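S.K.: Take this structure first; my questions come after.
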Amino acid sequence: MKTEIIIFGKNIEIIEVVERIINKNMDWNAFSTSNLKQIFNKLTSENFDILLLSSGISNDEFEEIESFCAKNCENTILLHHYGGGGGLLKAGIEMSIQKNNPIGRISHNRI
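Residue numbers (the numbering used here): 30 to 140.
Below, the structure written as structure tokens:
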């Protein structure tokens, strides 16, 4: 079973690159968007293992995402990735998967 990852950020070029890097791993499947409403719709209608937050997100958007996820996607890992290359991204995702809390509490990881 693949790890499902949804990516949210405001820099479209960056999130497209992050999506491509993630999708190169045969065990992962990524979807990216810069639209906050689309994130909420996808998280409500589909199961994602990781919500990866990328660059350009405002504090208000971050707080809205955090609040939404605490109520609606308690089994989703919230991962912050603001750059640093594919190796750091891969390591951060792998570490987050290994640290996943089976009780279903949202986890915050910054890479």
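Ideal Cβ positions, reconstructed from N, Cα and C, are used throughout, including at glycine. Remember, predicted model here, so these are calculated numbers, not experimental data.
1) My assumption, with CB atoms under 8 Å, is that I35 sits in contact with L80. Please give the rounded CB distance.
2) Taking the Cβ atom as the reference point for each residue, do G38 and S83 lie within a distance shorter than 7 Å?
3) Compute the beta-carbon to beta-carbon distance between L173 and G121, rounded to the nearest angstrom, for a pair I have assumed lies under 8 Å.
4) Whose C-alpha, out of F91, K71 and K128, is nearest the C-alpha of E33?
5) Thinking C-alpha only, which one of E45, H110 and S96 is nearest S61?
M.R.: Reading it off the structure:
1) In the sequence shown, the residue the question calls residue 35 occupies position 6. In the sequence shown, the residue the question calls residue 80 occupies position 51. Yes, I35 and L80 are in contact; Cβ-Cβ is about 5 Å, under 8 Å.
2) As a working note, residue 38 is residue 9 in the sequence shown. As a working note, residue 83 is residue 54 in the sequence shown. Closer than 7 Å, so yes.
3) Here the chain comprises residues numbered 30 to 140, so residue 173 is not present and cannot be evaluated.
4) Locating residue 33 in the sequence shown gives position 4, where the first residue counts as 1. Ranking the options by Cα distance to E33, first place goes to K71.
5) Taking the sequence shown and counting its residues from 1, one reaches residue 61 at position 32. Looking at the Cα atoms, E45 is the closest of the given residues.
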